[in-house]
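A short worksheet on the structure shown next.
4 protein chains.
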Amino acid sequence: MKIGCAGLGRMGQRHANNFLNKTPRAELVAAFSPDPRELAWAKENLAPYGVTLYMDYDEMLSHEGLEAVVLATVTAVHAEQAIKAIAADKHVLSEKPLSTSDEISQKVVDAATKKPHLKVMCGFSRRFDASYQDVKAKIEAGLIGKPIIFHGQTGDKRDPSGFFVQYAQFSGGIFVDCTIHDIDLALWFFGEENIVKSIYAAGVTAIEPGLRQHNDCDNAVGIVEFYSGQIAYFYVTRMMAAGQEDQTFIVGTEGKLTVNQDPAINLVQIHDQSGVRRHIPQNYFERFSDAFTLEANQFTLAVLDDLPTPLNPQGAVHAVKIAKALQESMNTGKKVMYDENEQRIK
Amino acid sequence: MKIGCAGLGRMGQRHANNFLNKTPRAELVAAFSPDPRELAWAKENLAPYGVTLYMDYDEMLSHEGLEAVVLATVTAVHAEQAIKAIAADKHVLSEKPLSTSDEISQKVVDAATKKPHLKVMCGFSRRFDASYQDVKAKIEAGLIGKPIIFHGQTGDKRDPSGFFVQYAQFSGGIFVDCTIHDIDLALWFFGEENIVKSIYAAGVTAIEPGLRQHNDCDNAVGIVEFYSGQIAYFYVTRMMAAGQEDQTFIVGTEGKLTVNQDPAINLVQIHDQSGVRRHIPQNYFERFSDAFTLEANQFTLAVLDDLPTPLNPQGAVHAVKIAKALQESMNTGKKVMYDENEQRIK
Amino acid sequence: MKIGCAGLGRMGQRHANNFLNKTPRAELVAAFSPDPRELAWAKENLAPYGVTLYMDYDEMLSHEGLEAVVLATVTAVHAEQAIKAIAADKHVLSEKPLSTSDEISQKVVDAATKKPHLKVMCGFSRRFDASYQDVKAKIEAGLIGKPIIFHGQTGDKRDPSGFFVQYAQFSGGIFVDCTIHDIDLALWFFGEENIVKSIYAAGVTAIEPGLRQHNDCDNAVGIVEFYSGQIAYFYVTRMMAAGQEDQTFIVGTEGKLTVNQDPAINLVQIHDQSGVRRHIPQNYFERFSDAFTLEANQFTLAVLDDLPTPLNPQGAVHAVKIAKALQESMNTGKKVMYDENEQRIK
Amino acid sequence: MKIGCAGLGRMGQRHANNFLNKTPRAELVAAFSPDPRELAWAKENLAPYGVTLYMDYDEMLSHEGLEAVVLATVTAVHAEQAIKAIAADKHVLSEKPLSTSDEISQKVVDAATKKPHLKVMCGFSRRFDASYQDVKAKIEAGLIGKPIIFHGQTGDKRDPSGFFVQYAQFSGGIFVDCTIHDIDLALWFFGEENIVKSIYAAGVTAIEPGLRQHNDCDNAVGIVEFYSGQIAYFYVTRMMAAGQEDQTFIVGTEGKLTVNQDPAINLVQIHDQSGVRRHIPQNYFERFSDAFTLEANQFTLAVLDDLPTPLNPQGAVHAVKIAKALQESMNTGKKVMYDENEQRIK
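Protein chains in written order, with full-length UniProt numbering: chain S, 1 to 346; chain R, 1 to 346; chain W, 1 to 346; chain Z, 1 to 346.
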């Protein structure tokens with residue numbers, strides 16, 4: 001599968017590298033970035049392996065033989081680029097979210113729906129993590145009975161550089177940027193057909209007051225009720241001292257499953273005067289690097305063998321919608337309610 | 001210190017035993033229960049060690065030389081018995097909560113306030129647990145900076161006997177019965193002077209639909225915002241499969257502390273065909289038995305050496321008030337809001 | 001049971017305190033120490049509670065009504081004091097070891113054997129630890145099949161004061177002082193009737209070269225083979241950086257049990273810039289304080305209700321014999337071998 | 001780098017797959033097996049990707065353009081195949097051990113020494129495991145001071161099929177087959193120049209008495225003393241109930257490092273009626289699969305960029321020599337001693 005990578009920032013470089021080196025059935029043939037520094041990186045790291053570089057996205061789409069694109073550009077252009085790619089008859093793997101707007105996200109899904117021969121997938125990387133896949137399998141095997149309560153925490157390491165404030169201009173807010181992963185997992189474990197009944201959230205700015213100018217917080221909690229009698233609740237923070245702490249538990253009628261209650265970067269423990277300790281991943285990619293590799297391989301497999309994509313893009317729209325309502329509730333202090341068709345109740 | 005124990009059910013027997021055997025400076029001289037089976041137990045287990053048994057609480061209060069009482073009766077009579085004891089000039093250690101009503105709880109505190117020479121304490125046992133005391137000391141030492149987020153989980157082991165439904169008639173509900181411990185901890189760690197801004201909760205009945213007739217749930221989550229820019233959020237459940245799972249974490253601006261993320265009954269691990277596993281405490285008392293012993297000793301110390309009690313009874317009233325508002329929000333679906341004097345906003 | 005405590009150093013104070021405050025059926029009536037500083041401590045901490053103090057051990061033995069003694073004096077006098085107590089018809093709880101000589105230890109057992117109405121017990125405290133008791137119960141229940149391999153580690157926290165060198169003059173050496181606990185556990189779990197086939201050890205002095213003048217080491221390993229087809233192997237060190245690290249595992253034909261693979265002082269974990277860490281006990285008593293309390297209570301129970309003592313004193317002699325052979329092998333470099341009657345083969 | 005894979009059994013298939021799919025700078029061009037079933041597998045899994053299959057090792061060596069071979073055949077032919085490959089001017093990555101004889105192993109090293117332009121490496125996969133690499137880095141950074149004690153455990157899952165007895169005919173015995181990894185690690189962490197002073201071992205057959213006919217055991221322990229004042233001790237077993245349990249600790253003068261004290265297959269924990277548990281890897285490859293991939297990549301890097309190989313083949317000979325002496329001591333019951341030039345003392 002000949003694929004091109006759009007966007008060569010931190011995340012794009014990883015996708016490019018995965019398709020170049022770790023996805024045996026795919027071939028990275030093209031890469032695009034509008035950013036000269038990113039292109040300089042690509043000249044050194046991609047061009048020598050036969051990857052053609054583009055400063056223009058549309059030109060990359062015309063690369064001869066190109067069959068698919070992976071979108072790792074800024075969120076604001078995901079939807080437009082996805083729609084163009086679909087129009088050009090390319091399979092699409094987009095970084096999450098499709099858009100910070102659920103209406104715009106829906107347009108991507110609508111475009112994809114019209115071309116059912118194309119594989120269009122929004123990459124919720126955690127679904128490709130071995131531990132979350134194990135949890136999914138155990139739930140489906142009935143190990144914990146019916147899942148009732150989901151708790152998801154996304155904890156980014158504190159970054160004193162002010163990055164998070166800058167980033168909040170575009171990110172859609174902490175629930176849309178981070179909790180969206182937890183929302184996707186909750187939908188996956190509870191059943192994607194579930195109808196939301198209500199959404200409520202609260203947040204604070206403990207270390208980055210500048211976030212308030214972008215209607216954002218650095219610590220927030222939220223509760224989502226479903227008509228099915230299930231509840232997902234979330235904690236999201238930019239204030240972890242030790243590293244990336246993404247933790248999950250699911251309580252069912254017969255048991256409980258946890259993921260990453262004891263974060264650790266590897267199997268080493270240090271016994272010294274500070275006690276007994278272990279280091280933990282410092283960022284999202286350290287925690288989930290294997291998941292990104294698997295995602296690239298499974299997307300490729302779906303394209304080449306015409307299998308269903310592991311994720312349904314409609315689910316990605318749903319997750320954005322929930323995330324935005326959490327963000328809204330956090331800012332207004334008001335509960336958001338839905339009827340049994342998940343139409344908002346005024 | 002000569003003490004009498006009122007109530008000789010599961011909890012009362014433990015208090016009686018602690019004051020009889022594990023509190024060197026106290027002497028259990030009297031015990032009261034209206035229940036013949038409990039008295040039969042006492043005849044065998046307490047009377048031989050010189051404890052006088054009473055079927056009437058008022059008579060026990062008149063026991064010669066009695067200086068203090070520990071109340072382990074049903075919640076409904078805690079307040080009345082506490083007020084009588086205070087009137088009779090006895091020190092009081094009451095099981096939590098003082099009452100499921102904060103107004104009635106307040107009456108106990110008012111009675112105590114008029115007799116400042118008496119020690120009146122509502123026993124939130126977790127405060128006497130070594131791990132929570134360690135957390136408190138570390139927070140006060142500044143180890144995690146300013147605490148911002150508190151998460152408390154009280155998880156009772158699933159009891160298929162129907163006990164929880166019966167119990168719900170009197171317990172005040174799951175937040176008042178269980179989460180009250182977590183609320184007390186949140187107030188302790190955040191600072192007891194903090195003013196609540198809002199309260200919101202949601203719950204389900206996953207295994208015990210009978211709870212709804214008592215306006216109760218078997219799984220619930222809640223969020224409490226404080227004017228100080230701190231948030232406490234809670235999960236409470238009667239559905240734990242492995243045993244008692246009471247877990248807490250506190251996130252501060254500089255670090256995070258957790259209690260019991262890896263529950264275990266002791267230091268043993270079993271490696272067999274099921275994997276690597278450990279057993280966990282099966283109930284509240286197995287988890288906190290040492291804390292009850294320390295509580296008895298510290299109450300005795302406060303009485304004998306005229307020291308401040310480790311817990312302020314006004315805090316217990318505050319905890320009941322918050323727990324009741326969580327219970328109310330869970331049942332109405334509405335957020336409960338307060339002004340900066342913690343007066344409720346209609 | 002009226003008991004007197006001989007020796008009021010670090011360990012004696014703990015025994016005295018346990019019998020004074022935490023052993024409901026025993027009464028500490030007397031205490032002996034030849035050391036003025038220890039007696040000064042006792043005047044302040046024991047005398048006010050009715051404990052008579054003695055500077056002479058024989059005088060304490062004559063204390064009116066005295067029924068039992070606990071020996072927490074220096075190892076060199078344990079045997080003599082035990083034999084005197086037995087002669088005076090007192091029950092005896094002795095700190096381990098009875099002696100650093102197995103011949104002298106045997107004399108205590110012989111004296112006890114002649115007075116079967118007396119309870120004579122050598123206190124291997126770990127046997128009273130909840131985790132080790134759990135392991136014993138699980139082995140007896142067949143959980144791991146036949147136990148085959150025992151690994152015991154005793155790890156003392158590094159003490160840069162030079163204490164361990166001084167102490168080595170009297171301790172009998174690191175295997176006799178420390179590993180004796182592990183040997184006792186191995187015998188308990190494997191079956192006390194087992195016959196030793198061979199003993200081998202090796203050691204180094206990594207931080208305290210002064211130990212060599214006392215034929216001792218600061219780190220040593222040893223292997224004991226039994227004729228039953230079981231092997232116990234040991235690691236012992238005075239060089240732990242984080243605290244006391246006493247760890248054990250037992251591998252059986254059907255499973256494995258571990259004790260304290262994850263040392264921790266309580267249930268708290270700290271997440272900060274150093275990673276995720278926990279503190280661990282700093283010394284033997286912090287790790288095993290509950291075990292000492294249970295030991296005092298079970299000894300009292302054995303005396304008052306005329307039950308068998310939980311430990312057979314002949315086993316204590318066996319443990320000393322094995323420990324001494326390990327120490328010898330470490331110093332000579334030679335394997336020590338026994339025939340099937342456990343008679344040494346030259 | 002064009003590479004051929006010799007041997008397509010369990011291990012060979014993994015090496016073939018790693019060079020085919022996970023080593024971007026290498027190309028698997030040829031594969032050899034004398035076994036029709038293995039070749040059938042290769043026809044299906046390798047041939048479609050352009051890999052030429054051979055039933056004759058010498059013919060594979062003549063494959064046009066071949067630059068390197070990976071040897072995953074039975075141990076008995078490693079040395080001969082390695083020497084032939086060196087003679088044919090191919091780089092060699094051999095599975096461990098080079099031979100169960102240290103003399104024969106030495107011949108490979110001698111052959112390699114004469115062709116310094118070739119990279120010849122014996123693959124001790126654990127060295128490429130992220131946790132062991134972290135330990136090595138921490139030791140070199142001085143985190144634990146001078147390492148003094150190494151404990152290595154290799155624990156294979158119990159296999160009731162009788163496989164281990166059959167395998168013992170060729171494996172060289174449990175120390176040569178399994179502990180060799182731990183020996184290699186000990187040498188790596190202590191310093192490969194260290195001189196062995198003595199070797200002692202003891203073993204039992206708890207579940208597979210048939211092993212004795214091959215002078216082997218199913219559980220064994222051993223101690224290796226070095227003239228440097230360091231001690232390595234080992235436990236090796238074929239009797240783990242839960243899965244593969246390879247555990248290591250290293251104690252230094254200033255701290256301790258552990259690897260895999262809490263085995264786990266992923267980050268999931270299950271809370272159910274059996275307690276709280278986790279699954280663990282079921283075999284060596286599940287535990288170390290990432291290490292094999294890194295090994296393939298680092299070998300390729302060494303060849304293509306003419307860098308030193310991460311492992312010195314002389315070290316592999318040293319490890320075999322120590323393993324064989326442990327095996328010998330286990331069977332004779334006698335300590336094996338060496339002088340300061342590591343010449344054996346009779």
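Note that beta-carbon positions come from the ideal geometry of N, C-alpha and C, so glycine has one too.
Name the chain R residues that come within less than 7 Å of S/G229, Cβ to Cβ? V204, A206
Between the stretch 194 to 212 of chain R and the stretch 221 to 228 of chain R, do at least 3 Cβ pairs fall closer than 8 Å? yes
What's the C-alpha gap between Z/G315 and Z/V176? 14 Å
Interface residues of chain W facing R/P24 [CB-CB closer than 9 Å]: L20, N21, K22, Y49
What residues from chain S crowd round Z/A130, counting only those whose CB sits closer than 7 Å? N266
Leaving out the 5 sequence neighbours to the left and right, which residues in its chain are closer than 8 Å to W/G255 when beta-carbon positions are compared? L143, I144, G145
Flag Z/G145 as yes when its Cβ comes closer than 8 Å to any non-hydrogen atom of the ligand NAP, and as no otherwise. Absence of the ligand NAP from the depicted structure is noted, as is the absence of any ligand whatsoever, leaving it without description.
Nearest residue (CA-CA) to W/E64, options W/V77, W/K2, W/P48, W/A40: W/K2
Is the shortest distance between the beta-carbon of Z/A42 and the beta-carbons of chain R less than 9 Å? no
Would you kindly work out how many angstroms separate the C-alpha atoms of S/V268 and Z/N266, rounded to a whole number? 15 Å
Rounded to whole angstroms, what's the CA-CA distance from Z/Q106 to Z/P313? Just pull it up for me. 9 Å
Can you tell which of R/E38, R/H91, R/Y57, R/N17 has the C-alpha that lies nearest to the C-alpha of R/L301? R/H91
Using a Cβ-Cβ cutoff of 9 Å, what residues of the stretch 252 to 276 of chain W are near chain R? List them in chain order. E254, G255, K256, L257, T258, V259, N260, Q261, D262, P263, A264, I265, N266, L267, V268, Q269, I270, H271, D272, Q273, V276
Evaluate W/Q166 with the Cβ neighbour count: other Cβ atoms within 10 Å of its Cβ, from every protein chain shown; 16 or more gives buried, anything less gives exposed. exposed
Minimum length 3: unbroken beta strand (DSSP E) runs contained in the stretch 47 to 134 of chain S: 52 to 54, 68 to 71, 91 to 95, 120 to 123
Between W/A241 and chain S, is the shortest Cβ-Cβ distance under 9 Å, so that the two count as touching? yes
Please report the residue range of the beta strand (DSSP E) in which W/M157 lies. Sequence check: residue 157 of chain W is Lys here, not Met. Where W/K157 is concerned, the enclosing beta strand (DSSP E) stretches over 147 to 157.
So which of R/E286, R/L304, R/N331, R/K346 has the shortest CA-CA distance to R/R10? R/E286
Tell me whether Z/Q213 is buried or exposed, calling it buried when 16 or more other Cβ atoms sit within 10 Å of its Cβ. exposed
CA-CA distance, S/A186 and S/E140? 14 Å
Partner residues on chain R for Z/I250, Cβ-Cβ distance less than 7 Å: Simply none; closest approach about 22 Å.
Please give me, in chain order, every unbroken run of the beta strand (DSSP E) with length at least 3 that falls completely inside the UniProt domain "GFO/IDH/MocA-like oxidoreductase" (132 to 257) of chain R. 147 to 157, 196 to 204, 219 to 226, 231 to 240, 247 to 252
Please report the distance separating the alpha-carbon of S/D159 from that of S/A16. 26 Å
Ignore the nearest five residues each way along the sequence and tell me which others in Z/T258's own chain have a CB closer than 6 Å to its CB. F249
Taking CB distances under 9 Å as the criterion, tell me whether S/H117 reaches chain R. no
From the DSSP output, in three-state form, read off W/R10 for me. helix
Is S/E245 close to chain W, meaning its C-beta is less than 9 Å from at least one C-beta of that chain? yes
Using a cut-off of 7 Å between C-beta atoms, extract the partners of S/D134 located in chain Z. N266, V268
Determine the direct distance from the alpha carbon of S/Q169 to that of S/N215, and round the result to whole angstroms. 9 Å
Consider the Cβ of S/I148: report whether some Cβ of chain W lies at a distance smaller than 9 Å. no
Just checking my contact of W/G152 with W/F226 at CB under 8 Å: how many whole Å lie between their CB atoms? The pair is not a contact, with the Cβ atoms about 14 Å apart (cut-off 8 Å).
So if I threshold CB-CB distances at 9 Å, which residues from the stretch 277 to 305 of chain W count as touching chain Z? none
Under 9 Å, do S/M121 and S/F299 count as touching if we go by C-beta distance? yes
Check the Cβ of R/L143 against every Cβ in chain W and list those closer than 8 Å, keeping chain order. I270, D272
Selection from W/Y49, W/V303, W/Q282, W/Q230 that minimises the alpha carbon distance to W/V69: W/V303
Note the first and the last residue of the continuous alpha helix (DSSP H) segment covering R/G315. 313 to 332
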